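Each remark here refers to the structure printed beneath this line.
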Amino acid sequence: MTRAFALLEFGSTAVGVLAVDRMLKRSPVALLRCGTVHPGRYLALVGGTVAATEEAHAEGGRVGAENAALIDEVLLPDPHPLLAAALGGARLAPAGEAAGVIEVSTSPGLLRAIDRALKAVPISLVEVRLADDLGGRALAIVDGLLPDVKEALDVAVGGAGPCAQVLGASLMPRLDETLRGVLAAGTRFATCAPCEPAGAETVEG
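Residue numbers (our numbering): 958 to 1162.
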């Protein structure tokens, strides 16, 4: 089972591919995901034992830095189980009384922030999105009890790291039930189904 993760974000696809090649030749890690994301960046997510992941992370960072293309990076030697599951594609329906959204300028910065928040307070991780269809930004939705979600956002805002900028953080104390159902299906506009709550005004035509 994968026990550690490293995510590197490059400003050049050419350098990103080179870095992944060097990482895989350097260390026996699993290549979990890699490829281009908006806006012309390249993400590489690897995982494995702590020692192997540390070595691959260091090699990828070195290649990126030598070519002036490393935007941000994060090494998670002991990722929270909910974050590990989310990176594998899992998502949860929001079920808590409160929900929070955090938006960060880099994908590694988001993972760093959310891992710290999950370890600080008992919250659930609803969704993680990395860069695609977000103009290079990354976002996460968390939920739980109101005090816990509030504290989690505070921790996340302060935990994105020096290369990332927190672009937004919002707290919904009592999430609207219609919106709760929408968020359970994801945050993409293209896949959002129309919703008409009881008593809602509708446009006829």
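For every residue, glycine included, the Cβ atom is placed at its ideal position computed from N, Cα and C. Quick caveat, the model's predicted, so the values are computed rather than measured.
Judged by beta-carbon spacing, G1093 lies beyond the 8 Å limit of R990, meaning their Cβ atoms are not closer than that value.
Within the region 1026 to 1082, the alpha helix (DSSP H) runs of at least 4 residues that lie entirely inside it are, in chain order, 1038 to 1044 and 1064 to 1077. A contact is defined here as three or more CB-CB pairs under 8 Å, and the region 968 to 983 fails this definition with respect to the region 1046 to 1060.
A straight-line Cα-Cα distance of about 32 Å links H995 and V1078. Around the beta carbon of D1035, fewer than 16 other beta carbons sit within 10 angstroms, so the residue counts as exposed. In this structure, DSSP gives G1092 a state outside helix and strand, which the three-state scheme calls coil.
Contact between V972 and G1018 is ruled out by a C-beta separation of about 12 Å, above the 8 Å threshold. R1086 and R1048 have their C-alpha atoms some 10 Å from each other. Between the region 1136 to 1156 and the region 1115 to 1127 there are fewer than three inter-stretch CB-CB distances shorter than 8 Å, so the stretches are not counted as touching.
Setting aside the 5 residues that flank it on each side, L1033 is surrounded in the same chain by F962 and D1072, each with a C-beta closer than 6 Å to its C-beta; the list follows chain order. When DSSP states are grouped into helix, strand and coil, R1086 belongs to the strand group.
Here the C-alpha atom of V977 lies approximately 7 Å from the C-alpha atom of A1001. Around the beta carbon of A1043, a 10 Å sphere encloses 16 or more other beta carbons of the protein chains shown; the residue is thus reported as buried. In summary, T1063 is buried, with 16 or more beta-carbon neighbours lying within 10 Å of its beta-carbon over all protein chains present.
Remark: C-beta atoms of A987 and G1004 approach each other more closely than 8 Å. At a Cβ-Cβ threshold of 8 Å, A1088 and A1095 count as neighbours. When secondary structure is reduced to three states using DSSP, T993 falls in the strand class. Nearest to L1075 by C-alpha distance, out of D1090, L1091, D1100 and P1051, is D1100.
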